[in-house]
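Notes for the one structure printed next.
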Amino acid sequence: MKQRWGRLSTGVALALTLVVLAVLGARDPGPGHDVGDLAAPLPMAPRTTGGTSAAAAPTVPAPASPPSWMRRMTPGEKPPQFVLFSFDGAASKPHWDRIMPLARRSDAHVTGLLSGVYLVADQDAARYAGPGHAAGYSSIGFGGSRADVALRIEYLNAALAAGHEIGTHYNGHFCVGDEPNVGTWSTEQWNRELDQFFAILERARGQGFALDPAAVRGGRTPCLEGDWGQAFPAMRGHGLVYDTSQVSLGVVWPYAHEGVWEFPMPEVRVPALGKQVVMMDFNLWYALNGAKDEPDRAGDYTRIVLDTYRSVYQAALNGNRAPVVIGNHFNEWAGGAFGNAVEGFLGEVCVKPETVCATYTEVIQWMQLQDPAVLEQLRRMPAARN
Numbered sequence: 470m471k472q473r474w475g476r477l478s479t480g481v482a483l484a485l486t487l488v489v490l491a492v493l494g495a496r497d498p499g500p501g502h503d504v505g506d507l508a509a510p511l512p513m514a515p516r517t518t519g520g521t522s523a524a525a526a527p528t529v530p531a532p533a534s535p536p537s538w539m540r541r542m543t544p545g546e547k548p549p550q551f552v553l554f555s556f557d558g559a560a561s562k563p564h565w566d567r568i569m570p571l572a573r574r575s576d577a578h579v580t581g582l583l584s585g586v587y588l589v590a591d592q593d594a595a596r597y598a599g600p601g602h603a604a605g606y607s608s609i610g611f612g613g614s615r616a617d618v619a620l621r622i623e624y625l626n627a628a629l630a631a632g633h634e635i636g637t638h639y640n641g642h643f644c645v646g647d648e649p650n651v652g653t654w655s656t657e658q659w660n661r662e663l664d665q666f667f668a669i670l671e672r673a674r675g676q677g678f679a680l681d682p683a684a685v686r687g688g689r690t691p692c693l694e695g696d697w698g699q700a701f702p703a704m705r706g707h708g709l710v711y712d713t714s715q716v717s718l719g720v721v722w723p724y725a726h727e728g729v730w731e732f733p734m735p736e737v738r739v740p741a742l743g744k745q746v747v748m749m750d751f752n753l754w755y756a757l758n759g760a761k762d763e764p765d766r767a768g769d770y771t772r773i774v775l776d777t778y779r780s781v782y783q784a785a786l787n788g789n790r791a792p793v794v795i796g797n798h799f800n801e802w803a804g805g806a807f808g809n810a811v812e813g814f815l816g817e818v819c820v821k822p823e824t825v826c827a828t829y830t831e832v833i834q835w836m837q838l839q840d841p842a843v844l845e846q847l848r849r850m851p852a853a854r855n
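Using the numbering used here, you'd call the opening residue of the sequence shown number 470 and step up by one each time.
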């Protein structure tokens, strides 16, 4: 798929030319830990150019007990304003313990994008061999003790029972600098990574994990990296129906690309900075202070990120009503500023009128109920820009 750079200043364009292989995201923190080795994102990322119509899109089963908003729109009706909260890594009990009561009070569902290695105990690490890497090695470590893994299965089961979704964040998190990185993987290597993810999942199911492999419907690539022409065939071949790794300028409607729904991460304006930034916690942190740990400024950073979320939500609500994708990690970066921001925003936005905080699968289920011509009209609307 061709990519366009959009309208960049000469300085930014030159910087991107020089660092085009720089990393878009961060190393995920290990289960229940703070960040370890970090890699810097591009301040402004290559953007997707969109895809084909919904006619080429995969489908998912309808919900057994649909909520009241899960229905076909009447003529002239506006769609709900969907907000999708997703968490890479998804393996920290303290963070799930905060998110789940908040989501229950707010009638919200979220998506945890699970790194498969967090279901592998340290002593069993040799069972995993990342494509092109030695067995027993992962950029983000493994799952701790077997007791830690058993506890993780228990709280992830509670998340599933509460209606939250678990997708994949793949396994070893090999970004630029940890070669061969996911941005250069072939389809065969992506196949190997996904084969191992599902093999890890099957072993965890033997330990009581309730996640049905068929319910793993999509994910996000490490650091938002990948050669999509190589990655998407492997996704399709493993039954994945959505991806949320590419970047769009502003908030746009999901579109079908190579038989997979793409839910792009929006590049938005941070009002306090006057900068365009991919709306992911690490990218925001990097834009704020170069990803330096300044816990004494946590309150300021939380306010700036909350203001950004609010302005993006308002732009979408008053504009194309496209789903707002908010990407996060379970972390305590900068004194917990980004966790506080996403939790604060979840608590306030999910109870607003005409707003639905849903999973990726739920949004696909809703789209399947709509007139394709109406969805195509929505996709043709200008991107929501804050």
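A virtual CB, placed ideally from N, CA and C, is assigned to each residue, including glycine.
These figures come from a predicted structure and were not determined experimentally.
Discussion item. Output needed for residue 714: all residues of its chain with C-beta closer than 7 Å, excluding positions within five of it in sequence on either side, in chain order.
Written reply: 689, 690, 693 and 695
Practice prompt. Take the Cβ of residue 836 as the centre, count every other Cβ of all protein chains shown within 10 Å, and call the residue buried at 16 or more, exposed below.
Written response: Around the CB of residue 836, 16 or more other CB atoms lie within 10 Å, so the residue is classed as buried.
Worksheet item: Over what stretch of residues does the beta strand (DSSP E) that includes residue 735 continue unbroken?
Response: 734-739
Worksheet item: According to DSSP, is residue 550 helix, strand or coil?
Response: strand
Worksheet item: In three-state terms, what does DSSP make of residue 823?
Response: coil
Worksheet entry | Own chain partners of residue 602 with C-beta closer than 7 Å, once the 5 adjacent residues on each side are dropped | Around residue 602, the same chain offers 641 and 643 as residues with beta carbons nearer than 7 Å, after the five sequence neighbours per side are excluded.
Discussion item. Buried or exposed, going by whether 16 or more other CB atoms sit within 10 Å of the CB of residue 680?
Written reply: buried
Worksheet item: Skipping 5 residues on each side, what residues in its chain have a beta carbon closer than 7 Å to that of residue 740?
Response: 776, 777 and 780
Discussion item. Along the chain, where does the alpha helix (DSSP H) containing residue 818 start, and where does it finish?
Written reply: 802-818
Practice prompt. For residue 637, write down the residues that DSSP places opposite it in a beta bridge.
Written response: 583 and 688
Practice prompt. Consult DSSP for residue 542 and reduce its assignment to one of helix, strand or coil.
Written response: coil
Worksheet item: Can you tell me whether DSSP reads residue 529 as helix, strand or coil?
Response: coil
Item to complete: Confirm, please, whether the CB-CB distance from residue 708 to residue 555 is below 9 Å.
Response: It is not a contact, given that the beta carbons lie outside the stated cut-off.
Item to complete: Check whether the segment 843-853 touches the segment 722-738, taking contact to mean three or more Cβ pairs, one atom from each stretch, closer than 8 Å.
Response: yes
Fill in: Beta carbon of residue 532 nearer than 9 Å to that of residue 542
no
Fill in: residue 576 versus residue 731: straight-line alpha-carbon distance, rounded
Here the C-alpha atom of residue 576 lies approximately 25 Å from the C-alpha atom of residue 731.
Worksheet item: Should residue 574 be labelled buried (16 or more other beta-carbon atoms within 10 Å of its own) or exposed?
Response: exposed
Worksheet item: What residues are listed by DSSP as bridge partners for residue 598?
Response: 604
Worksheet item: For residue 702 versus residue 653, is the C-beta distance shorter than 9 Å?
Response: No, the pair does not count as a contact, with Cβ atoms beyond the cut-off.
Discussion item. Going by beta-carbon coordinates alone, are residue 824 and residue 632 separated by less than 9 Å?
Written reply: no
Practice prompt. Report yes or no: do three or more beta-carbon pairs, one from the segment 744-758 and one from the segment 802-822, lie closer than 8 Å?
Written response: For the pair of segments examined, the segment 744-758 was found to touch the segment 802-822: the number of CB pairs separated by less than 8 Å reaches three.
Worksheet item: What are the start and end residues of the beta strand (DSSP E) that includes residue 798?
Response: Start and end: 793-798.
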